[in-house]
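Since the structure comes first, as C-alpha coordinates, the remarks are kept for the end.
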Amino acid sequence: MLEGARNELFSELIATCDGMLAPAVYARIYETAQRGGQIVEVGTAMGAATVALALGLRHSGKSGHVFTFDPMTGGPRRSLNSPGKRIARIEANLARYGVQDLVTVTPSDLRSGLSVLPDDQTVSVLMLDADGRIDRDLETLEQRLAPGCSMIIDDIADQVRVKRQGATYRIDSKMRLSWLLFNKLTESGKLSAGQQLVDTYFGEVIADANSIIDRDDTLEAYRQLVFQTASTNRLQRLRSYLLEQGQEVAPDFVAKCRRFYRRIKYRRLAASSEMNAAEESSPGGSGGEQVAA
-3 MLEGARNELF SELIATCDGM LAPAVYARIY ETAQRGGQIV EVGTAMGAAT VALALGLRHS
57 GKSGHVFTFD PMTGGPRRSL NSPGKRIARI EANLARYGVQ DLVTVTPSDL RSGLSVLPDD
117 QTVSVLMLDA DGRIDRDLET LEQRLAPGCS MIIDDIADQV RVKRQGATYR IDSKMRLSWL
177 LFNKLTESGK LSAGQQLVDT YFGEVIADAN SIIDRDDTLE AYRQLVFQTA STNRLQRLRS
237 YLLEQGQEVA PDFVAKCRRF YRRIKYRRLA ASSEMNAAEE SSPGGSGGEQ VAA
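Using our numbering, you'd call the opening residue of the sequence shown number -3 and step up by one each time.
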(Lines of atoms letter the chains of each structure in order from A and count residues from 1; the text may use other names and numbers.)
(Lines give C-alpha, C1' and ligand atoms only; values in the text may rest on other atoms or scores of the structure.)
Protein backbone atom coordinates (compact mmCIF):
# COMPACT_ATOMS: atom_id res chain seq x y z
CA MET A 1 0.00 0.00 0.00
CA LEU A 2 1.40 3.43 -0.97
CA GLU A 3 2.41 5.69 1.91
CA GLY A 4 -0.07 8.45 1.04
CA ALA A 5 -2.98 6.04 0.66
CA ARG A 6 -2.04 4.34 3.91
CA ASN A 7 -1.98 7.60 5.86
CA GLU A 8 -5.37 8.53 4.41
CA LEU A 9 -6.77 5.11 5.34
CA PHE A 10 -5.73 5.29 8.97
CA SER A 11 -6.83 8.90 9.36
CA GLU A 12 -10.23 7.82 8.05
CA LEU A 13 -10.18 4.86 10.44
CA ILE A 14 -9.84 7.21 13.41
CA ALA A 15 -12.84 9.24 12.27
CA THR A 16 -15.15 6.36 11.35
CA CYS A 17 -14.30 3.94 14.18
CA ASP A 18 -13.67 6.41 17.02
CA GLY A 19 -9.99 5.50 17.01
CA MET A 20 -8.03 6.72 20.02
CA LEU A 21 -4.51 6.16 18.65
CA ALA A 22 -2.31 8.05 16.21
CA PRO A 23 -2.41 7.11 12.50
CA ALA A 24 1.22 5.93 12.74
CA VAL A 25 0.24 3.52 15.52
CA TYR A 26 -2.61 2.04 13.48
CA ALA A 27 -0.20 1.69 10.56
CA ARG A 28 2.21 -0.26 12.75
CA ILE A 29 -0.65 -2.47 14.04
CA TYR A 30 -1.54 -3.15 10.39
CA GLU A 31 2.06 -4.11 9.62
CA THR A 32 2.33 -6.38 12.67
CA ALA A 33 -0.80 -8.31 11.65
CA GLN A 34 0.82 -9.20 8.33
CA ARG A 35 2.55 -12.01 10.18
CA GLY A 36 -0.72 -13.91 9.77
CA GLY A 37 -2.00 -16.79 11.86
CA GLN A 38 -4.15 -16.54 14.97
CA ILE A 39 -4.38 -12.91 16.09
CA VAL A 40 -5.88 -12.07 19.49
CA GLU A 41 -6.97 -8.62 20.62
CA VAL A 42 -8.03 -7.93 24.21
CA GLY A 43 -10.04 -4.69 24.37
CA THR A 44 -12.09 -4.09 21.23
CA ALA A 45 -13.37 -0.57 22.06
CA MET A 46 -15.15 0.52 18.84
CA GLY A 47 -13.09 -1.71 16.57
CA ALA A 48 -10.50 0.68 15.10
CA ALA A 49 -7.50 -1.50 15.97
CA THR A 50 -9.54 -4.59 15.10
CA VAL A 51 -10.01 -3.24 11.57
CA ALA A 52 -6.29 -2.40 11.32
CA LEU A 53 -5.38 -5.94 12.38
CA ALA A 54 -7.84 -7.51 9.93
CA LEU A 55 -6.72 -5.31 7.03
CA GLY A 56 -3.10 -6.21 7.71
CA LEU A 57 -4.00 -9.89 7.72
CA ARG A 58 -6.02 -9.60 4.50
CA HIS A 59 -3.39 -7.65 2.60
CA SER A 60 -0.67 -10.09 3.69
CA GLY A 61 -2.34 -12.85 1.69
CA LYS A 62 -1.67 -15.26 4.56
CA SER A 63 -4.19 -17.44 6.32
CA GLY A 64 -5.38 -16.44 9.77
CA HIS A 65 -8.17 -14.94 11.83
CA VAL A 66 -8.64 -12.11 14.32
CA PHE A 67 -10.31 -12.92 17.65
CA THR A 68 -11.25 -9.85 19.69
CA PHE A 69 -12.52 -9.86 23.28
CA ASP A 70 -14.34 -7.14 25.23
CA PRO A 71 -17.07 -7.45 27.91
CA MET A 72 -18.76 -4.39 26.32
CA THR A 73 -19.73 -3.02 29.74
CA GLY A 74 -18.22 0.41 29.18
CA GLY A 75 -16.61 2.26 26.37
CA PRO A 76 -15.77 5.53 24.67
CA ARG A 77 -19.33 6.32 23.59
CA ARG A 78 -22.02 6.75 26.24
CA SER A 79 -24.66 6.97 23.55
CA LEU A 80 -23.98 3.27 22.93
CA ASN A 81 -25.08 2.36 26.43
CA SER A 82 -25.76 -1.34 25.94
CA PRO A 83 -23.62 -4.29 24.82
CA GLY A 84 -25.98 -4.86 21.89
CA LYS A 85 -25.51 -1.33 20.56
CA ARG A 86 -21.73 -1.55 20.99
CA ILE A 87 -21.52 -4.85 19.14
CA ALA A 88 -23.76 -3.55 16.35
CA ARG A 89 -21.50 -0.52 15.87
CA ILE A 90 -18.36 -2.66 15.90
CA GLU A 91 -19.84 -5.05 13.33
CA ALA A 92 -20.86 -2.09 11.17
CA ASN A 93 -17.29 -0.78 11.34
CA LEU A 94 -15.92 -4.17 10.29
CA ALA A 95 -18.39 -4.33 7.40
CA ARG A 96 -17.46 -0.81 6.29
CA TYR A 97 -13.92 -2.02 5.65
CA GLY A 98 -14.95 -5.43 4.34
CA VAL A 99 -13.20 -7.49 7.01
CA GLN A 100 -16.13 -8.97 8.92
CA ASP A 101 -15.31 -12.45 7.61
CA LEU A 102 -11.85 -12.29 9.21
CA VAL A 103 -13.00 -11.28 12.70
CA THR A 104 -14.80 -13.00 15.57
CA VAL A 105 -16.12 -10.55 18.17
CA THR A 106 -16.56 -12.11 21.62
CA PRO A 107 -18.47 -9.97 24.18
CA SER A 108 -16.61 -11.20 27.26
CA ASP A 109 -13.24 -10.95 28.94
CA LEU A 110 -10.46 -13.16 27.59
CA ARG A 111 -10.58 -15.78 30.32
CA SER A 112 -14.35 -16.28 30.08
CA GLY A 113 -14.29 -16.44 26.28
CA LEU A 114 -11.13 -18.51 25.87
CA SER A 115 -13.01 -21.50 24.45
CA VAL A 116 -13.60 -19.49 21.25
CA LEU A 117 -9.94 -19.90 20.30
CA PRO A 118 -9.05 -23.04 18.30
CA ASP A 119 -7.03 -25.43 20.48
CA ASP A 120 -4.86 -26.59 17.60
CA GLN A 121 -3.37 -23.15 16.86
CA THR A 122 -0.98 -20.89 18.72
CA VAL A 123 -1.30 -17.11 18.98
CA SER A 124 1.05 -15.37 16.55
CA VAL A 125 0.03 -11.78 17.37
CA LEU A 126 -1.35 -10.55 20.70
CA MET A 127 -2.65 -7.01 21.28
CA LEU A 128 -3.51 -5.93 24.83
CA ASP A 129 -5.56 -2.76 25.36
CA ALA A 130 -7.99 -3.49 28.19
CA ASP A 131 -7.74 -2.41 31.84
CA GLY A 132 -3.97 -2.49 32.33
CA ARG A 133 -3.82 -5.97 33.85
CA ILE A 134 -1.57 -7.33 31.16
CA ASP A 135 -0.27 -10.00 33.56
CA ARG A 136 -3.73 -11.57 33.74
CA ASP A 137 -4.14 -11.80 29.98
CA LEU A 138 -0.59 -13.03 29.37
CA GLU A 139 -1.02 -15.69 32.03
CA THR A 140 -4.30 -16.79 30.44
CA LEU A 141 -2.58 -17.27 27.08
CA GLU A 142 0.97 -18.13 28.08
CA GLN A 143 0.75 -21.78 26.98
CA ARG A 144 -0.88 -20.76 23.68
CA LEU A 145 1.68 -18.20 22.51
CA ALA A 146 3.72 -19.02 19.42
CA PRO A 147 7.52 -18.77 19.66
CA GLY A 148 8.42 -15.12 19.18
CA CYS A 149 4.76 -14.08 19.39
CA SER A 150 4.40 -10.46 18.22
CA MET A 151 3.20 -8.24 21.08
CA ILE A 152 1.31 -4.94 21.00
CA ILE A 153 0.55 -3.31 24.36
CA ASP A 154 -1.24 0.04 24.51
CA ASP A 155 -1.27 2.68 27.25
CA ILE A 156 2.24 2.22 28.62
CA ALA A 157 3.10 5.41 30.50
CA ASP A 158 4.02 6.43 34.03
CA GLN A 159 0.80 8.38 34.34
CA VAL A 160 -2.14 8.43 36.75
CA ARG A 161 -5.36 10.19 35.78
CA VAL A 162 -7.78 11.84 38.18
CA LYS A 163 -11.28 12.42 36.85
CA ARG A 164 -14.09 14.11 38.68
CA GLN A 165 -17.36 12.19 38.91
CA GLY A 166 -19.94 14.28 40.72
CA ALA A 167 -18.78 14.85 44.28
CA THR A 168 -16.01 12.25 44.03
CA TYR A 169 -12.86 11.67 42.01
CA ARG A 170 -12.02 8.58 39.99
CA ILE A 171 -8.40 7.46 40.09
CA ASP A 172 -7.38 5.81 36.80
CA SER A 173 -4.08 3.91 37.18
CA LYS A 174 -4.39 1.80 34.04
CA MET A 175 -1.46 3.37 32.21
CA ARG A 176 0.86 3.25 35.23
CA LEU A 177 -0.05 -0.38 35.94
CA SER A 178 0.71 -1.35 32.33
CA TRP A 179 3.99 0.58 32.56
CA LEU A 180 5.05 -1.12 35.81
CA LEU A 181 4.20 -4.61 34.57
CA PHE A 182 5.80 -3.97 31.19
CA ASN A 183 9.04 -2.85 32.85
CA LYS A 184 9.13 -6.06 34.91
CA LEU A 185 8.62 -8.15 31.77
CA THR A 186 11.38 -6.43 29.80
CA GLU A 187 13.83 -6.26 32.71
CA SER A 188 13.42 -10.00 33.33
CA GLY A 189 13.94 -10.81 29.65
CA LYS A 190 10.38 -12.01 29.00
CA LEU A 191 9.63 -9.36 26.35
CA SER A 192 12.00 -7.75 23.88
CA ALA A 193 12.87 -4.07 24.28
CA GLY A 194 10.95 -3.48 21.05
CA GLN A 195 9.84 0.00 20.12
CA GLN A 196 7.30 2.38 21.58
CA LEU A 197 5.16 4.63 19.37
CA VAL A 198 3.55 7.30 21.56
CA ASP A 199 2.21 5.06 24.38
CA THR A 200 2.01 1.80 22.40
CA TYR A 201 4.66 -0.94 22.62
CA PHE A 202 5.58 -3.18 19.68
CA GLY A 203 7.87 -6.13 20.33
CA GLU A 204 7.83 -9.87 20.86
CA VAL A 205 7.86 -12.59 23.49
CA ILE A 206 11.42 -13.86 23.97
CA ALA A 207 10.84 -16.09 27.00
CA ASP A 208 9.50 -19.62 27.25
CA ALA A 209 5.77 -19.21 26.61
CA ASN A 210 5.07 -21.46 29.61
CA SER A 211 6.80 -19.17 32.11
CA ILE A 212 6.27 -15.61 30.96
CA ILE A 213 4.59 -14.46 34.19
CA ASP A 214 6.55 -14.41 37.45
CA ARG A 215 4.20 -13.98 40.41
CA ASP A 216 6.81 -12.22 42.58
CA ASP A 217 7.56 -9.65 39.88
CA THR A 218 3.85 -9.11 39.30
CA LEU A 219 3.17 -8.60 43.01
CA GLU A 220 5.98 -6.06 43.23
CA ALA A 221 4.44 -4.08 40.36
CA TYR A 222 1.04 -3.98 42.06
CA ARG A 223 2.63 -2.91 45.36
CA GLN A 224 3.96 0.18 43.63
CA LEU A 225 0.37 1.31 43.06
CA VAL A 226 -0.18 1.81 46.80
CA PHE A 227 1.30 5.33 46.85
CA GLN A 228 1.02 7.45 43.72
CA THR A 229 0.98 11.05 42.65
CA ALA A 230 -1.28 12.66 40.09
CA SER A 231 -1.75 16.18 38.81
CA THR A 232 -5.08 17.81 39.71
CA ASN A 233 -4.61 21.39 38.50
CA ARG A 234 -7.56 23.69 37.89
CA LEU A 235 -7.46 23.36 34.12
CA GLN A 236 -7.68 19.57 34.35
CA ARG A 237 -10.54 19.78 36.86
CA LEU A 238 -12.41 22.19 34.59
CA ARG A 239 -11.82 19.93 31.58
CA SER A 240 -13.05 16.87 33.49
CA TYR A 241 -16.15 18.75 34.65
CA LEU A 242 -17.01 19.97 31.14
CA LEU A 243 -16.50 16.51 29.68
CA GLU A 244 -18.66 14.96 32.38
CA GLN A 245 -21.50 17.41 31.76
CA GLY A 246 -21.14 17.18 28.00
CA GLN A 247 -21.26 13.38 28.03
CA GLU A 248 -24.56 13.51 29.87
CA VAL A 249 -26.16 16.13 27.61
CA ALA A 250 -24.60 15.61 24.17
CA PRO A 251 -22.34 12.53 24.00
CA ASP A 252 -22.12 12.56 20.19
CA PHE A 253 -21.00 16.20 20.16
CA VAL A 254 -18.34 15.46 22.79
CA ALA A 255 -17.13 12.52 20.67
CA LYS A 256 -16.76 14.86 17.65
CA CYS A 257 -14.81 17.35 19.77
CA ARG A 258 -12.51 14.59 20.96
CA ARG A 259 -11.89 13.43 17.38
CA PHE A 260 -11.02 17.00 16.37
CA TYR A 261 -8.66 17.30 19.33
CA ARG A 262 -6.95 14.03 18.43
CA ARG A 263 -6.45 15.12 14.81
CA ILE A 264 -4.69 18.30 15.97
CA LYS A 265 -2.66 16.36 18.56
CA TYR A 266 -1.52 13.71 16.10
CA ARG A 267 -0.54 16.27 13.47
CA ARG A 268 1.66 17.95 16.08
CA LEU A 269 3.17 14.61 17.10
CA ALA A 270 3.80 13.67 13.46
CA ALA A 271 5.55 16.99 12.83
CA SER A 272 7.68 16.46 15.94
CA SER A 273 8.53 12.93 14.82
CA GLU A 274 9.63 14.16 11.38
CA MET A 275 11.82 16.81 12.99
CA ASN A 276 13.43 14.24 15.30
CA ALA A 277 14.02 11.87 12.38
CA ALA A 278 15.71 14.65 10.41
CA GLU A 279 17.96 15.49 13.36
CA GLU A 280 18.91 11.82 13.88
CA SER A 281 19.75 11.36 10.19
CA SER A 282 22.02 14.41 10.20
CA PRO A 283 25.73 14.08 11.10
CA GLY A 284 26.08 13.66 14.85
CA GLY A 285 22.45 12.57 15.27
CA SER A 286 21.67 9.75 17.66
CA GLY A 287 19.05 7.03 17.37
CA GLY A 288 16.58 5.95 20.01
CA GLU A 289 13.88 3.42 20.73
CA GLN A 290 11.01 5.79 21.58
CA VAL A 291 9.13 7.40 18.71
CA ALA A 292 6.57 10.16 19.18
CA ALA A 293 4.21 9.09 16.42
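Glycine included, each C-beta is placed from N, C-alpha and C at the ideal position. Remember, it's a predicted structure, so these values are computed and weren't measured experimentally.
Helix, strand or coil at residue i according to DSSP, with G and I counted as helix
i: C145; result: strand
i: R92; result: helix
i: M204; result: Note on identity: in this sequence residue 204 is Asp, with Met being the wrong assignment. The answer is coil: DSSP assigns D204 none of H, G, I, E or B.
i: D14; result: coil
i: T102; result: strand
i: T182; result: helix
i: L137; result: helix
i: L221; result: coil
i: L9; result: helix
i: Q192; result: strand
i: L187; result: strand
i: R211; result: helix
i: T46; result: helix
i: I83; result: helix
i: D131; result: helix
i: D248; result: helix
i: P19; result: helix
i: T111; result: What sits at residue 111 in the sequence shown is Ser, not Thr. Helix at S111.
i: A153; result: coil
i: Q117; result: coil
i: S59; result: coil
i: R31; result: coil
i: A1; result: helix
For residue i, the residue or residues it bridges with in DSSP
i: E37; result: T64 and M123
i: L177; result: Paired residue(s): none; L177 is not in a bridge.
i: G199; result: M147
i: Y26; result: Y26 pairs with nothing; no bridge assigned.
i: R166; result: K159
Chain-order list of residues whose beta-carbon lies under 7 angstroms from that of residue i (same chain, five-residue window excluded)
i: T12; result: N89 and R92
i: G32; result: L53, S56, K58, S59, G60 and S120
i: L51; result: Y26, Y93 and V95
i: P103; result: D66, P67, M68, P79 and I83
i: L9; result: G15, Y22, A44, V47 and A48
Cut-off 6 angstroms between Cβ atoms - residues of its own chain near residue i, not counting five sequence neighbours on either side
i: R140; result: T118 and V119
i: L176; result: A217 and Q220
i: D116; result: none
i: F6; result: P19, Y22 and A23
i: R166; result: K159
8 angstroms CB neighbourhood of residue i in its chain, flanking five on each side removed
i: D168; result: V156, R157, V158 and K159
i: T214; result: D131, L177 and K180
Chain D within 8 angstroms of residue i, Cβ atoms only
i: H55; result: Absent from the structure: chain D. Only one protein chain is present.
Handout entry: At least three beta-carbon pairs within less than 8 angstroms, the stretch 120 to 133 to the stretch 80 to 92
Key = Contact between the stretch 120 to 133 and the stretch 80 to 92 is absent, because fewer than three Cβ pairs lie under 8 angstroms.
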